[in-house]
Structure formats: C-alpha cells, structure tokens
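In what follows, a single structure is set out as structure tokens and then discussed.
Residue numbers (the numbering used here): 32 to 372.
In structure tokens:
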C-alpha cells in the first residue's frame with residue numbers, strides 16, 4: 032500500500048467512524064436538508080477538500096428547522112484530530128476523546144450542547160441519521176453486481192477535488208428523482224470512501240450514435256421514428272415534467288438496447304425552468320439552440336432544439352451535425368438563422 036500503509040489505513044478509518052451508521056462519507060452539503068429534518072438530527076461526514084487541504088470529519092446537525100437562514104438552519108462542527116505520541120485524539124469544545132464514536136456518544140448521552148465555547152445557543156445531538164438506501168457501500172456494489180448488470184461511473188482519487196465531488200453528487204441527486212423507461216436508472220452512489228461511484232443500470236447496446244454508425248443501412252425508418260426518436264422524446268418530456276433541463280441532449284448521451292432509448296449523462300443538467308450560463312465553459316456548440324449560443328440561456332425549449340439535432344443524427348446514421356463546419360462557424364451561422372436540412 033505504501034506511504035506508511037496509507038497512513039496506517041487512514042488511522043484505522045478515523046478511529047472507527049466509518050463503522051457507524053451515522054457516517055455518510057463524502058455526502059455533499061446540498062444533500063443534508065433531505066436527511067436532517069428535526070432539531071437534533073445529526074450525521075458525521077467527511078469534508079470536501081480545497082486544493083492543498085487535508086480532509087477532516089465534521090458533524091452536521093439540524094439546529095433550527097424553522098430558520099430561513101441556511102447557515103443557521105444546519106450547523107457544521109469540525110472534529111479536530113491531533114496526535115499524542117502514537118495515539119490519535121478527537122476534539123470538540125476542548126473535550127478530547129480516543130475515537131469519534133466516543134465523542135458522539137458523550138454529547139448524545141450527556142445531552143450536552145456542542146460548540147459551547149463559541150455560541151450562546153449550542154446545538155444538541157439527539158438523533159443519529161443512518162445512511163439512506165441510495166447511499167451504497169463499496170461492499171453493496173459487489174452484491175448488486177451479482178444480481179443485476181450495472182454501469183459504474185468512478186471519480187478517480189487524484190481528481191477528488193471539492194468541485195469534482197460536488198459535480199458527482201449533484202448528478203446523483205438529480206438522477207434519484209427519475210423513474211422512467213426512457214431515462215437511465217440510478218441504483219445509488221457510494222460515498223463512504225474513495226473512489227466515489229455512481230451505480231446505474233447497464234445498457235449493453237452502448238451509445239446511440241455508435242449503434243447507428245455500426246449498423247449503418249440496417250436500421251429501418253420505422254425503428255428510427257418509433258423507437259429512437261419517440262423514445263428520446265418521451266425521455267426528454269419526462270425530464271421536463273420533473274423540472275430538469277438536460278442541457279446536453281445528443282445521440283452520444285443516449286443509450287440504446289432492446290429497441291429502447293434511454294437518456295443518460297446528467298453532468299450538465301440543472302433543476303428549474305431556466306438556467307443562465309455565467310462563465311465560459313467548453314460546450315457542445317453544434318447541439319445548442321440559437322438563444323444559448325447568443326446569450327447563454329437554457330430552457331426546456333433549448334432542450335427541444337437539441338432534441339431536433341438528435342433526430343437529425345438518427346436519420347444521418349450517427350454522423351456529426353454541420354459536417355465540414357467549425358464550431359465558430361456553426362455558432363455564427365445558427366445565431367444568424369441558418370438551419371440544417
């Protein structure tokens with residue numbers, strides 16, 4: 032394993048914290064309101080690192096469920112880790128414990144407020160919140176793979192920045208809302224330890240564009256209309272019903288098997304009815320609507336425009352749209368009114 036046996040196996044998994052049902056690993060802050068409902072509900076998680084910073088354990092607790100101030104609604108207390116000799120110690124409020132469970136049990140059993148040193152109104156740990164059904168352990172994934180074929184999206188350890196974790200968790204959070212035959216199903220997300228993984232249903236036919244290229248001339252018009260275009264249309268309509276703007280509708284982001292199209296890849300997706308791009312990013316120019324290219328605006332209507340490009344791809348057997356044109360040329364001409372035939 033190296034590096035002093037991965038720092039003594041991450042200090043024996045931070046002194047048994049990982050064994051506790053209230054430990055939620057790299058769970059993102061945005062997921063907390065769905066889990067912490069009553070005052071005193073709490074869990075332990077791992078803070079997402081900023082560049083150059085080491086990870087820490089943090090207790091998140093519902094402090095005031097009636098507050099409109101999100102910072103005051105749920106409070107977060109970092110567990111300070113120090114070493115005395117060869118022994119790790121865990122501290123909050125100048126009280127030191129040999130393990131994280133010892134620390135948590137003390138505040139629960141003694142009904143003593145956390146962060147008394149810095150607040151006149153401390154938070155109280157009352158109810159530990161267990162991991163949800165969709166929060167998978169890496170052992171769970173091995174069991175799931177015995178029952179059903181799955182696809183696994185892995186966040187590589189060297190890419191585990193704060194933003195990468197947030198992106199992965201946002202994608203998983205969106206997908207948990209979806210249950211439709213034309214949208215890829217998520218089984219859960221493994222956040223307890225590295226590497227982080229999203230576990231989804233496996234569509235063994237692969238990406239729609241590759242299927243079309245491989246079967247050029249063999250796919251009937253009726254299959255293209257009834258299975259591919261209609262299936263994608265049902266999937267997009269469902270996403271819009273769930274108030275999700277996909278933002279990247281394209282044949283490469285559709286999977287196809289057993290005459291069924293499934294919309295996938297929600298990395299760019301956003302909740303809501305409108306999204307305004309705020310900074311320049313690498314975008315799929317040839318699939319974007321004129322208003323997106325001109326003003327950075329995304330709506331359900333811009334998804335429908337991209338769906339039109341997807342239909343063009345289907346009847347072009349997976350060819351890339353705007354053949355022979357650069358992205359810059361496409362952007363200029365589409366904004367001016369040019370459309371493919």
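In this text, a Cβ means the ideal position worked out from N, Cα and C, and glycines have one as well.
Computed from a predicted structure; not experimentally measured.
Residues of its chain near residue i, where Cβ-Cβ distance is below 6 Å and the 5 sequence neighbours each way are ignored
i	result
residue 318	281, 337 and 340
residue 10	This structure cannot settle anything about residue 10, because the visible part of the chain is limited to 32 through 372.
residue 322	328
Residue i - DSSP class collapsed to helix/strand/coil
i	result
residue 310	coil
residue 352	coil
residue 41	Unreliable placement is indicated for residue 41, whose pLDDT of 49 sits below 50; the coordinate value is still reported in the next sentence. Correct three-state label for residue 41: helix.
residue 321	helix
residue 228	strand
residue 368	coil
residue 166	strand
residue 255	helix
residue 262	helix
residue 215	coil
residue 205	helix
residue 160	coil
residue 115	strand
residue 175	helix
residue 220	strand
residue 65	helix
residue 282	helix
residue 136	helix
residue 154	strand
residue 238	strand
residue 250	coil
Between the CA atoms of residue j and residue i - distance to the nearest angstrom
i	j	result
residue 204	residue 62	8 Å
residue 303	residue 348	33 Å
residue 55	residue 74	7 Å
residue 158	residue 92	9 Å
residue 65	residue 359	43 Å
residue 220	residue 231	9 Å
residue 229	residue 328	29 Å
residue 298	residue 345	22 Å
residue 59	residue 368	42 Å
residue 184	residue 343	29 Å
residue 226	residue 216	21 Å
residue 307	residue 361	21 Å
Beta-bridge partners of residue i, as assigned by DSSP
i	result
residue 91	74 and 107
residue 54	75
residue 276	301
residue 359	In the DSSP output, where bridge partners are listed per residue, residue 359 has none listed.
residue 184	229
residue 291	288
residue 336	Partner(s): none; residue 336 has no beta bridge.
residue 121	112 and 128
Contacts around residue i, its chain only, beta-carbon distance under 7 Å, and the 5 residues preceding and following it disregarded
i	result
residue 330	276, 304 and 305
residue 255	345 and 346
Contacting residues, own chain, Cβ-Cβ under 8 Å from residue i (five flanking each side not counted)
i	result
residue 163	66
Worksheet item: Touch check for the stretch 253–268 and the stretch 290–303: three-plus C-beta pairs under 8 Å?
Response: Short answer: they touch.
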